Amino acid sequence: MGILEVKDVGKRFGGLQALGDVNLSVQENTCHAIIGPNGAGKSTLLNCLIGKLIPDTGSVMFAGQSVLGRTPYEICQMGISRVFQTPEIFGDLSVLENMMIPIFARRDGAFALNALSSVFGQKDILEQAEHMLEEMNMADKRHMHAASMSRGDKRRLEIGMCLSQQPRLLLLDEPTAGMARADTNNTIDLLKEIKNERDITIAIIEHDMHVVFSLADRITVLAQGTPLVEDTPDKIKGHPKVREAYLGESA
Amino acid sequence: MLGLDKKDALLFLIVVAMVVLAPFILNPFPTDSSLAQFNAGYPDLMQRFLIFGIFAVGFNILFGLTGYLSFGHAAFLGVGSYAGVWMFKLLGMNVLLAIVSSVLMSAVFAVVIGYISLRRSGIYFSILTLAFAQMSYALAYSVLSGITNGETGLQLSHNDPRVLGASVNADGSLPVPNLFGLEMRATETLNIGPWAFDFNAGYYVCAVFMIAGFYLAIRIFRSPFGMMLRAVKSNQQRMHYTGLNTRPYTLAAFVISGMYAGLAGGLMVSMDPLAGAERMLWTRSGEVVLMTILGGAGTLIGPVLGAGFIKYFENIFSKINDNVLHGWFAFMPDGLENAVVWILHPFIGKGWHLTLGILFMLVVIFLPGGLVEGGQRIMGLFRRSPKDGAKQDTEASKHPAE
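Quick mapping for you: the protein sequence lines, in order, are chains A and B. Going by my numbering, the letters in the first sequence line up with residues 62 to 312, in that order. Going by my numbering, the letters in the second sequence line up with residues 10 to 411, in that order.
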């Protein structure tokens with residue numbers, strides 16, 4: 062039984078069957094990649110996992126509990142964090158404040174009317190945020206406006222914010238999309254480090270095969286809304302069905 | 010000090026000093042000098058400075074922090090006013106009763122209006138709040154005239170029960186609002202040479218509430234709650250995927266700012282026990298938006314400055330008439346004098362809105378951060394040498410909401 066169990070999930074947009082009977086099992090403390098050509102339904106699947114979309118059929122279980130019908134913040138409080146394709150951070154806030162917010166969210170829950178204490182008077186939270194910034198190698202940027210950083214740094218911050226929530230499952234949606242090669246490699250190294258040093262399950266959607274093959278323990282190939290194959294990276298590389306899905310039948 | 014860091018404590022002390030010493034600061038000209046008409050230190054206007062300052066400080070907690078632009082905050086001003094006058098009518102003339110009931114009633118209204126309006130954001134939220142305020146205004150004028158006394162406005166009468174006090178004074182006059190016997194209209198005038206300074210009881214009651222309200226606003230700005238509100242403005246998506254529910258945060262901000270507006274309404278009727286429906290009109294809602302933006306939305310002191318600026322214009326600039334102008338330009342040759350007065354005529358007296366409008370446009374275009382940004386730039390000119398420019402930028406980012 063995996064930490065994330067997707068059973069017979071289907072989603073239809075008008076006449077388009079975006080997902081049809083997707084079954085997927087993500088094992089705890091592994092890195093599971095979902096790949097597939099454009100329009101394969103990767104993003105739809107991801108949105109079904111985090112409460113942005115509700116599938117028409119099937120079930121999604123996380124750590125034994127159904128996520129269907131829950132709002133994104135409830136699912137997040139269950140222990141699923143999401144990294145977006147374009148980094149979603151609090152651009153108007155300082156880097157340090159960005160890092161403090163998820164720690165507050167973990168401690169105080171989805172809402173707390175903590176209106177009279179001072180942000181920087183909360184020593185334990187400040188300490189944890191500083192610690193995480195150091196782990197992300199961003200301690201020198203703590204007072205910067207988050208919006209003024211480079212894309213690579215924003216990505217790094219976003220991943221750090223997600224880790225601050227101490228999630229059990231980290232979802233990454235094309236984390237290196239639109240990045241320069243150096244930034245991509247840095248991100249891969251960072252994710253490898255996270256994978257090796259933490260008890261965390263990672264599910265990653267990615268286009269870049271270099272990223273997928275450097276990180277994933279298992280790969281699911283999605284095409285036209287259904288999983289084609291699921292296997293280890295080595296086996297996927299030479300799989301005829303995968304080549305067919307990516308390159309067309311004649312290849 | 011008081012749980013504030015050094016910078017905030019300094020700002021707070023400056024505001025306290027300005028509020029306490031306002032009767033001196035606002036009356037810089039001797040009473041019989043030709044510039045005496047620029048004196049703003051008379052009780053009625055000073056009270057309005059503070060009351061609208063409270064209104065704007067509260068509005069800024071919603072607009073400045075969360076970015077939700079309410080166009081219906083005058084509804085809470087009106088609700089607070091009616092609730093206050095009803096307290097005077099039913100219970101007694103102690104202003105504390107009126108103010109407490111104003112704040113509570115406006116909180117109830119804010120919960121209802123906020124709960125519905127906050128289902129949408131951006132322009133739709135603004136329109137919803139505007140619709141609510143206009144509905145309240147229309148209802149107060151017509152259907153609810155049993156409670157609001159319609160066009161005439163709600164006022165004290167000889168038949169009020171006033172169970173905690175007398176309905177009518179022994180001499181047949183109506184009782185006046187007081188704080189444990191201290192009448193709000195009581196004024197001591199201090200004459201120093203040609204100067205006269207008014208010290209008004211009502212003003213200092215407003216001052217206590219204004220200072221308390223401003224202090225609370227600083228605490229909210231610097232609290233985790235305030236940081237979450239800025240996060241709402243910055244990125245709601247990230248809020249949700251950080252496990253935070255934005256709805257109660259925005260609703261709490263809405264209710265708090267509604268209560269500030271209710272407090273302002275309660276103080277208004279404590280100074281003058283009369284409440285009319287026009288207090289809920291959309292122009293009042295627009296006025297507080299102008300005050301906040303003019304002063305600097307999202308800054309602590311901005312709304313106070315904006316409120317003072319606009320009220321000064323409304324009351325002082327509007328009193329300059331052609332005769333006054335003729336007096337000023339009497340040194341010119343007759344033809345030129347008439348020409349200058351003719352040119353300036355549309356901008357003064359009843360035309361003060363035109364002047365204010367132009368100033369508002371100039372501020373929004375050239376100082377998007379409002380008067381506060383203007384002040385910072387001037388300070389920067391004096392302080393900044395090229396070397397420490399970078400250092401100041403990092404300092405500034407420590408307090409992004411200042």
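Just so it is clear, CB atoms sit at the ideal spot from N, CA and C, and this is done for glycine as well. It should be emphasised that the depicted structure is a prediction, and the values quoted were computed from it without experimental measurement.
In whole angstroms, give me the CA-to-CA distance for residue i and residue j.
i                      : j                      : result
residue 217 of chain A : residue 248 of chain A : 7 Å
residue 244 of chain B : residue 350 of chain B : 52 Å
residue 177 of chain B : residue 103 of chain B : 15 Å
residue 317 of chain B : residue 59 of chain B  : 8 Å
residue 361 of chain B : residue 192 of chain B : 34 Å
residue 38 of chain A  : residue 203 of chain A : Here chain A has residues from 62 to 312 only, and residue 38 of chain A is not among them.
residue 273 of chain B : residue 88 of chain B  : 10 Å
residue 206 of chain B : residue 198 of chain B : 6 Å
residue 411 of chain B : residue 310 of chain B : The predicted model places residue 411 of chain B with a pLDDT of 42, which falls under 50 and marks its position as unreliable, so this point remains unresolved.
residue 268 of chain A : residue 253 of chain A : 18 Å
residue 382 of chain B : residue 235 of chain B : 21 Å
residue 114 of chain A : residue 56 of chain B  : 53 Å
residue 288 of chain A : residue 305 of chain A : 14 Å
residue 104 of chain A : residue 205 of chain A : 32 Å
residue 191 of chain A : residue 154 of chain A : 15 Å
residue 22 of chain B  : residue 117 of chain B : 33 Å
residue 262 of chain B : residue 211 of chain A : 33 Å
residue 110 of chain B : residue 275 of chain B : 8 Å
Assign residue i to one of three DSSP states: helix, strand, or coil.
i                      : result
residue 204 of chain A : coil
residue 268 of chain A : coil
residue 276 of chain B : helix
residue 133 of chain A : helix
residue 250 of chain A : helix
residue 342 of chain B : coil
residue 144 of chain A : strand
residue 34 of chain B  : helix
residue 153 of chain A : coil
residue 93 of chain A  : strand
residue 240 of chain B : helix
residue 182 of chain B : coil
residue 403 of chain B : In this prediction, residue 403 of chain B has a pLDDT of 44, which is less than 50 and means its spatial position is unreliable; what the coordinates show is noted afterwards. Residue state, collapsed to three classes: helix.
Considering residue i, what are the terminal residues of the beta strand (DSSP E) in which it resides?
i                      : result
residue 69 of chain A  : 65-74
residue 282 of chain A : 279-284
residue 370 of chain B : Unbroken run through residue 370 of chain B is the alpha helix (DSSP H), 361-375; no beta strand (DSSP E).
residue 78 of chain A  : 77-87
residue 119 of chain A : 118-123
residue 292 of chain A : 287-292
residue 233 of chain A : 230-234
What first and last residue would you give for the alpha helix (DSSP H) that runs through residue i?
i                      : result
residue 224 of chain A : 212-225
residue 195 of chain A : 184-196
residue 219 of chain B : 210-231
residue 176 of chain A : No alpha helix (DSSP H) holds residue 176 of chain A; DSSP gives it neither H nor E.
residue 71 of chain B  : 52-75
residue 332 of chain B : 331-337
residue 200 of chain B : Premise fails: residue 200 of chain B lies in the beta strand (DSSP E), 196-201, not in any alpha helix (DSSP H).
residue 17 of chain B  : 15-29
residue 160 of chain B : Careful: residue 160 of chain B lies outside any alpha helix (DSSP H) and carries neither H nor E.
What is the C-beta distance between residue i and residue j, in whole angstroms, given that I count them as a contact (C-beta under 8 Å)?
i                      : j                      : result
residue 294 of chain B : residue 82 of chain B  : 5 Å
residue 269 of chain B : residue 66 of chain B  : 6 Å
residue 369 of chain B : residue 303 of chain B : 6 Å
residue 73 of chain B  : residue 306 of chain B : 5 Å
residue 165 of chain A : residue 139 of chain A : So it is not a contact: roughly 18 Å between Cβ atoms.
residue 266 of chain B : residue 70 of chain B  : 5 Å
residue 264 of chain B : residue 123 of chain B : 6 Å
residue 62 of chain B  : residue 279 of chain B : Their Cβ separation, rounded to whole angstroms, is 15 Å, which puts residue 62 of chain B and residue 279 of chain B out of contact at 8 Å.
residue 4 of chain A   : residue 144 of chain A : No information on residue 4 of chain A is available, as it lies outside the stretch 62 to 312 that chain A covers here.
For a contact defined as C-beta to C-beta under 9 Å, what are the partners of residue i on chain C?
i                      : result
residue 222 of chain A : Absent from the structure: chain C. Protein chains present are A and B.
Would you mind stating whether residue i and residue j have Cβ atoms separated by less than 7 Å?
i                      : j                      : result
residue 230 of chain A : residue 141 of chain A : yes
residue 312 of chain B : residue 300 of chain B : yes
residue 75 of chain B  : residue 241 of chain B : yes
residue 162 of chain A : residue 136 of chain A : no
residue 248 of chain B : residue 259 of chain B : no
residue 195 of chain A : residue 150 of chain A : no
residue 169 of chain B : residue 98 of chain B  : yes
residue 85 of chain B  : residue 271 of chain B : yes
residue 80 of chain A  : residue 97 of chain A  : no
residue 138 of chain B : residue 130 of chain B : no
residue 273 of chain A : residue 282 of chain A : no
residue 234 of chain A : residue 266 of chain A : yes
residue 146 of chain B : residue 290 of chain B : yes
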